[in-house]
Each structure stands twice: as structure tokens, then as C-alpha cells.
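Quick note: the sequence shown, position 39, residue 54 per the numbering used here, numbers continuous.
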Amino acid sequence: MTGRLRVGVIFGGRSREHEVSLASAASVIQAIDRSRYEPVPIGIGKDGRWLVGGDSLRALAAASGVTLPPRDSAGSSTALTTFDHAGGLPAGLAREVEVVFPLIHGPFGEDGTLQGLLELAGVPYVGAGVLASAVGMDKAIQKALLRAHGIPMVEHRVFLRHEWGADPSGIAGRVGREIGFPCFVKPTNLGSSVGISKVKTQDAFAAAMEEAARHDRKVLVERAVTGREIEVAVLGNDHPEASVPGEVIPEKEWYDYEAKYTPGLTRFVIPAPITDEQSRQARELALRAFRAVDTAGMARVDFFLEGDRLLFNEINTIPGFTTTSGYPRLWAASGVPYPELISRLIDLALERHADKHRS
């Protein structure tokens with residue numbers, strides 16, 4: 016390869032986290048090292064159609080009512096002609112980019128479907144592969160896997176939509192006996208707290224189950240923890256590193272969608288005001304979870320701190336990636352500034368692709 020590396024930045028998508036993805040992509044395109052990389056914007060609309068090159072990012076932002084940060088003179092790429100494409104990877108795109116940075120959060124981007132498309136096209140890409148992405152998206156499967164690896168977690172149960180439809184009173188009674196109230200009811204395959212309810216009494220349980228079942232055929236019910244929320248960022252492939260832990264302090268009762276994405280509703284304290292031993296344990300558990308899921312590149316691992324006990328919450332294989340998101344801020348506090356973090360992730364993508372295709 017000669018000259019600058021052409022990096023396809025994929026954003027948007029069909030999930031409820033479409034707008035979050037646009038903000039992540041805008042930050043990456045703005046901050047990427049232009050001496051090394053030429054970003055190629057690759058958008059996917061809410062209807063699943065592709066928009067490649069030109070002003071695809073701002074076109075999707077305008078359609079979604081998202082305000083993006085001002086763009087410098089180097090912020091626009093006209094490397095490819097903008098066009099619509101429905102379905103799979105646009106014809107010829109694999110020859111036009113040398114590595115892809117996927118920034119689609121949620122289904123059809125973070126769940127292994129996009130990663131499988133890129134594998135078929137033979138294109139290196141940042142982050143987890145097909146299996147790790149699928150496991151990372153499905154909270155029920157990831158918890159079963161990590162529990163088998165001895166990682167402590169909150170008591171929970173998983174119910175299928177058809178089970179709830181067939182026996183709602185039986186499931187409500189079982190949750191009351193085995194989990195208790197308050198509890199959280201969650202779709203297993205969404206992020207950003209979409210479709211999640213905190214249920215304080217059994218009377219409110221049915222409405223929460225109906226809401227979660229609207230989004231997914233599997234519903235996770237887990238005990239509501241009275242404690243603190245701790246996050247650790249992981250970076251690497253075969254030899255991952257863990258950042259300093261941070262603490263999420265929502266101003267609302269819990270860390271819902273509004274608290275995550277409304278300025279002023281959440282404080283993020285880095286490093287987390289916890290003991291050295293708790294910090295060591297959080298980093299160790301984050302690395303164990305990263306390796307158990309067999310992910311690559313990046314992940315954010317979230318925990319609850321209940322008293323002196325750390326409990327696994329979830330692993331996120333494509334965390335929010337704006338300059339103010341938790342994952343980049345954790346690495347900035349650990350000595351890896353945002354532009355360098357982008358470069359390291361691209362290098363890791365190329366390293367992993369080369370390792371997979373060694374003869």
C-alpha cells in the first residue's frame with residue numbers, strides 16, 4: 016500500500032441507535048490522523064439503503080434531525096460518488112477501501128451481521144468478529160458464557176416472547192419468587208437502554224414485559240442492584256490492555272437512554288473513586304470477559320459495585336465513540352488520546368486480518 020490508507024467509516028443503520036452512530040462517526044472522521052488515513056464515509060439509512068462517499072454523513076444527519084459538529088476543510092471526503100444501494104456491500108466498495116471502521120450500534124451493525132458481510136468481502140475491519148459480536152449483542156448468551164467462566168454477575172432469568180404470551184401469570188410469579196422486586200426488564204438484543212424498564216412492583220411487571228417483547232423475542236429479567244456503575248475500556252487483540260476504571264453517576268434514578276444522551280444528566284468520574292484493589296479486580300475481570308467472548312480491537316465492560324463485590328453487567332463491542340463517550344475518555348485518562356486511539360484500532364484491525372489469513 017502506498018500513500019494514505021483509505022478507511023471506510025460505516026455509520027447509521029436500521030437500529031434505534033442510528034443517531035448515536037452518526038455522532039460517533041462524525042467524531043472519528045474529524046479526529047482521524049489525515050497524514051496516515053483518508054476517511055471514506057459510508058452511510059446506511061434507516062431503510063437499509065447505502066450512501067457511499069460525498070456528504071453521506073450529513074445527508075443522514077439531516078434526515079434524522081441530528082446536529083453534527085462543525086467540519087473543518089479536511090472533513091469532507093469526495094473519494095467515492097454518493098449513491099443509493101439496498102442490500103449487501105455495494106459493488107466495488109471492497110476494492111476502494113483498505114480497512115473498515117464500523118460504528119453502527121445495535122442490531123444489523125454490532126450483532127455480527129455487518130461483520131459477516133465484511134468477512135465475505137475479505138475486508139479488514141475494526142473490532143470484534145462475527146461470533147464475538149453476536150455474543151456481545153445478546154445479553155442472555157453473553158451472561159451464560161461468562162457465568163461458565165466463573166465471572167460473578169447479577170441474578171437473572173431469560174424468557175421467550177411466546178413463553179410470556181402463554182403463561183404471563185406464571186412468569187410473573189416466578190420472577191417474584193426467584194428475582195424479586197425491584198428488577199430490570201430488558202430486551203436481550205438492544206443497546207443504549209432502549210426498551211428497558213425498572214419494575215418496582217409486581218403490578219408493573221406485565222407492562223414492562225410487553226414493552227421489552229416489542230423489541231425482541233428474548234427478554235432478560237434481572238435483580239435491580241443497589242450500587243455503583245463501573246466501566247472499563249479494553250484495547251487489543253491477543254494481548255489486550257485494560258484502562259483505568261471510571262464511574263457512571265446518572266442524575267436520574269438509573270442510567271436510561273435519556274440519561275446517557277442528554278447533556279448534564281450524567282457525570283462520568285475518571286478514575287473511579289474506588290480502592291486500588293477494586294480497581295485491580297475491575298481491570299482483571301474486564302480482561303477475562305474480553306478473552307472469554309474472544310473479542311478483538313475494542314470493548315467496554317460494565318460492572319456493578321454492590322458493597323465490596325463487583326458484578327458483571329455487560330460487554331459492549333462497539334461502544335459509543337464520540338470524544339465525550341466513556342470508551343475514548345477512559346483511554347484518554349489512561350494515556351491514549353483520541354486520535355491515537357483511532358490509529359491503534361486501525362492497526363489492530365490490520366494485524367488481526369493478517370493473522371487470520373496467514374497460510
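Positions of the beta carbon are idealized from the N, C-alpha and C atoms, including for glycine. Note that this is a predicted model, so its numbers are computed, not measured.
The Cβ neighbour count for residue 332, taken over all protein chains shown within 10 Å, is at least 16; the residue is labelled buried. The stretch 196–216 and the stretch 254–261 do not touch, with fewer than three beta-carbon pairs separated by less than 8 Å. DSSP places residue 371 in the uninterrupted alpha helix (DSSP H) bounded by 353–371. In this chain, residue 343 is not harboured by any beta strand (DSSP E); it is covered by the alpha helix (DSSP H) spanning 341–348. Annotated three-state conformation of residue 220 is helix, per DSSP.
The DSSP assignment places complete alpha helix (DSSP H) segments of no fewer than 4 residues inside the stretch 107–191 at 108–111, 128–136, 145–152, 154–163 and 176–181, in order along the chain. Residue 30 and residue 230 have their C-alpha atoms spaced approximately 10 Å apart. The beta carbon of residue 160 sits closer than 8 Å to the beta carbons of 150, 307 and 308 from its chain, once the five residues preceding and following it are set aside; these are given in chain order. The beta carbons of residue 73 and residue 53 sit no closer together than 8 Å.
According to the DSSP assignment, residue 336 belongs to no alpha helix (DSSP H), since it is labelled neither H nor E. In the DSSP annotation of this structure, the continuous segment of the alpha helix (DSSP H) that includes residue 305 starts and ends at 291–308. Annotation for residue 37: the continuous alpha helix (DSSP H) segment containing it runs 33–46. In this structure, 58 is the residue among 302, 58 and 155 with its C-alpha nearest to the C-alpha of residue 34. Take the alpha-carbon of residue 226 and the one of residue 179: they are about 12 Å apart. CA-CA distance, residue 202 to residue 18, rounds to 45 Å. Fewer than three pairs of CB atoms, one per stretch, sit closer than 8 Å, so the stretch 118–126 makes no contact with the stretch 290–305. For the pair of segments examined, the stretch 352–368 was found not to touch the stretch 178–195: the number of CB pairs separated by less than 8 Å stays below three. Here residue 30 carries a coil assignment [DSSP, helix/strand/coil].
Under DSSP, residue 67 takes part in a beta bridge, and its partners are 57. Distance from the CA of residue 338 to the CA of residue 349, rounded to the nearest whole angstrom, comes to 14 Å. Of the candidates 113, 168, 286 and 142, 142 places its Cα closest to the Cα of residue 312. When the five nearest sequence neighbours on each side are left out, the beta carbons in the same chain lying within less than 8 Å of the beta carbon of residue 39 are those of 26, 118, 120, 335, 336, 337 and 340, in order along the chain. Pairing residue 364 with residue 263, the inter-Cα distance amounts to about 29 Å. Within its own chain, the residues whose Cβ lies closer than 7 Å to the Cβ of residue 239, once the five positions on either side in sequence are excluded, are 197, 198, 199 and 213, listed in chain order. Bridge pairing for residue 288: absent [DSSP].
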